[in-house]
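**Student:** Take a look at the following structure, please.
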Amino acid sequence: MKIGVLTFHSSRNFGANLQTLATQEMLRTLGHDPVVVNYLDEAKLASFAKLVPPEQVAQHEAFADRYYTLSPALTSVEAVADYVRGELDGVVSGSDAVFRLATPYEPARLAKRLLGRSNPFEAFSWADRVPPFFLPFDAPGVVKGSIAASSRGTSYRYLKPHMKRAVGAALADFDFVTVRDDWTGKLVRALSRGKADPLYSPDPVFGLNTAFTVPDDEKPAQDLSDVVLLNGEFDEGWLRRMVQAIQARGYRAMTLANPAEKERFDFTDGALDLPLSPLTWYSCLASCAGFIGMRFHAFVSCVCNHTPVVTMDVTRKRWGKPDPRNPNHDLARRAGILDRYFHAHDLMRSDPEQVLDRLFDPQTQAMADSYAASAPEILLGHLRRFEQVTATRDTHP
Numbered sequence: 002m003k004i005g006v007l008t009f010h011s012s013r014n015f016g017a018n019l020q021t022l023a024t025q026e027m028l029r030t031l032g033h034d035p036v037v038v039n040y041l042d043e044a045k046l047a048s049f050a051k052l053v054p055p056e057q058v059a060q061h062e063a064f065a066d067r068y069y070t071l072s073p074a075l076t077s078v079e080a081v082a083d084y085v086r087g088e089l090d091g092v093v094s095g096s097d098a099v100f101r102l103a104t105p106y107e108p109a110r111l112a113k114r115l116l117g118r119s120n121p122f123e124a125f126s127w128a129d130r131v132p133p134f135f136l137p138f139d140a141p142g143v144v145k146g147s148i149a150a151s152s153r154g155t156s157y158r159y160l161k162p163h164m165k166r167a168v169g170a171a172l173a174d175f176d177f178v179t180v181r182d183d184w185t186g187k188l189v190r191a192l193s194r195g196k197a198d199p200l201y202s203p204d205p206v207f208g209l210n211t212a213f214t215v216p217d218d219e220k221p222a223q224d225l226s227d228v229v230l231l232n233g234e235f236d237e238g239w240l241r242r243m244v245q246a247i248q249a250r251g252y253r254a255m256t257l258a259n260p261a262e263k264e265r266f267d268f269t270d271g272a273l274d275l276p277l278s279p280l281t282w283y284s285c286l287a288s289c290a291g292f293i294g295m296r297f298h299a300f301v302s303c304v305c306n307h308t309p310v311v312t313m314d315v316t317r318k319r320w321g322k323p324d325p326r327n328p329n330h331d332l333a334r335r336a337g338i339l340d341r342y343f344h345a346h347d348l349m350r351s352d353p354e355q356v357l358d359r360l361f362d363p364q365t366q367a368m369a370d371s372y373a374a375s376a377p378e379i380l381l382g383h384l385r386r387f388e389q390v391t392a393t394r395d396t397h398p
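Each position in the sequence shown, counted from 1, maps to that position plus 1 in the working numbering.
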C-alpha cells in the first residue's frame, strides 16, 4: 500500500523530524510504500524563521532531503485532499501535536490578549479552520488513521462551536485513531461524541531503532559515555551545584543545545552547540551517561536508548500542581518512572545529589527499559491496521 505520513515533518525541531522518519521507516519495514505528505504551513515556517538560526534551519532541510520520501509541495487543505484522493491507499496523521487547536475563548488566553501579550507560537494552532491533520475531507477507499496524535493540552471545551462540530465529524470518519496521551484521548471521544474510540500509542521515536540504523557520519565525534548532558531553563546557582555534584561522581557535565536555544556556561566541561543534525542530537542522547533537562523528545530519545534521564516540565502549574496534560508527565507515569519527572520549580528546589540518585537508580532504570522494550511492537501493531482495514473492506465490501 502507498501510505502518506501527514505530520510536522518540516518543523525546525529535532523531535518532529525524528518522529517523521520513524513512522516512514516503520511503514517501510511492514512492506508499505511510504511517502511524507509535503504539506507546508507557511505561517508556521515563518514563525520558525524568527526562532531558529539560519545555520540550524539548514540542518533540518538537509535532513529532509536525505531521509524523507516526499510528495510534491502542498500548501492548502484542498491540495492535501486532492493528493490523498488521487495518489494514496492510506494516510496516517501524526505523530506530534497534530491535533492541537486554538482555544480563543479560554479565559487565560483572553486575559493575555487584553494585556497585549503576544504568543510566538500562535501560528502553531488553528482557530477557525480544521487543519489537514484531522483529514477533514472525503477520500473514498483511502484508509484514514492516526499514530500517537497529541493535542498538547488543547482545552477543547473552549473551541469555537463550529470547530467542535467540524473536528468531531472529521474524527468520526477515521478508520482508527491512536493518541499519545490521555488528554488527547478525552478530546477525541468528546468531540466525536464517542464515534471515535482512540487507543494509546507510544511516540514513533520509540520505533526508530527497530526500523532504521543511524549512519556513522551522524554519530557524535566525541565519546560521551562519561558525560551527563544538561539542557533547560535552569537557575544558574542550582546548575553550578549540579555540575559540581556530577563531577564529584566522576562524570563530565556538558550542555546540549536545541534549535531555538543555545546553552553555554563557563563552569561546565563543554557544550554541544548548534548547528546539529536531528540524528546527531539523537545519537548524543543515545550515547551519553545521562540527561537532565526539558523537551519531550529528548525524554523519549533517552528512554528508547536506555539512557538514564530526569525530565523537567516547564509548563505552568495548574492549581499548584504539575499539569497532568503535559506529555512528559504522561510518559513518566506510563513508564512507571514518575520519580524522574520534575516540574521546573520543584527541580530548582531539589538537592542535586538526590536528583542524581534518582537519575542512576537501577530499579527505576529497569522500569524505563521495560517500557522501551514493549513500545516498538505496539507501534507496529497500530500501523498494521492499514492492512487489516483493507482486508476487512475486501471481505465485506
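For each residue, glycine too, the CB sits at the ideal point set by N, CA and C.
Please read all numbers here as calculations on a predicted model, not as lab measurements.
Spatial neighbours of D227 within its chain, please: C-beta separation below 8 Å, excluding the five flanking residues on both sides.
**Tutor:** G251, Y252, R253 and A290
**Student:** Which residues mark the beginning and the end of the alpha helix (DSSP H) in which I4 is found?
**Tutor:** Not the alpha helix (DSSP H): I4 falls in the beta strand (DSSP E), residues K3 to L7.
**Student:** How big is the Cα-Cα spacing for P216 and Y68?
**Tutor:** 11 Å
**Student:** Take K196 and list the residues in its own chain whose beta-carbon comes closer than 6 Å to its own, dropping the five residues that flank it on each side.
**Tutor:** A173
**Student:** Measure the C-alpha to C-alpha separation of H346 and N327 and round it to an integer number of angstroms.
**Tutor:** 15 Å
**Student:** Excluding the 5 residues flanking V143 on each side, which residues of the same chain have their C-beta closer than 8 Å to its C-beta?
**Tutor:** V85, R86, L89, D90, G91 and V92
**Student:** Please classify G186: does DSSP put it in a helix, a strand, or coil?
**Tutor:** helix
**Student:** Can you tell me whether DSSP reads V35 as helix, strand or coil?
**Tutor:** It should be noted that the sequence gives Pro, not Val, for residue 35. The answer is strand: DSSP assigns P35 an E or B state.
**Student:** Is the stretch 129–140 touching the stretch 191–211 in the sense that three or more CB pairs, one from each, lie closer than 8 Å?
**Tutor:** no
**Student:** Return yes when the Cβ of D129 is within less than 8 Å of the Cβ of K165, no when it is not.
**Tutor:** no
**Student:** Identify, in the order they occur along the chain, each residue of the same chain with its Cβ nearer than 6 Å to the Cβ of M295, setting aside the five sequence neighbours on each side.
**Tutor:** G233, M313 and V315
**Student:** For A249, does the count of other Cβ atoms within 10 angstroms reach 16, so buried, or fall short, so exposed?
**Tutor:** Exposed.
**Student:** For A149, count the other beta carbons within 10 Å of its own beta carbon; 16 or more makes it buried, fewer makes it exposed. Which is it?
**Tutor:** buried
**Student:** Taking contact to mean 3 or more Cβ pairs, one atom from each stretch, closer than 8 Å, check whether the stretch 38–51 and the stretch 7–18 are in contact.
**Tutor:** yes
**Student:** Here's a check: name, in chain order, each residue in its chain whose Cβ is nearer than 8 Å to the Cβ of F343, leaving out the five neighbours to either side.
**Tutor:** V311, T312, M313, D314, S351 and V356
**Student:** Rounded to whole angstroms, what is the Cα-Cα separation between L65 and A98?
**Tutor:** The sequence given here places Ala at residue 65; Leu does not occur at that position. When rounded, the distance between both Cα atoms is 19 Å.
**Student:** Can you tell me whether A103 is buried or exposed, with buried defined as 16 or more other CB within 10 angstroms of its CB?
**Tutor:** buried
**Student:** P279 and F15: beta carbons closer than 8 Å?
**Tutor:** yes
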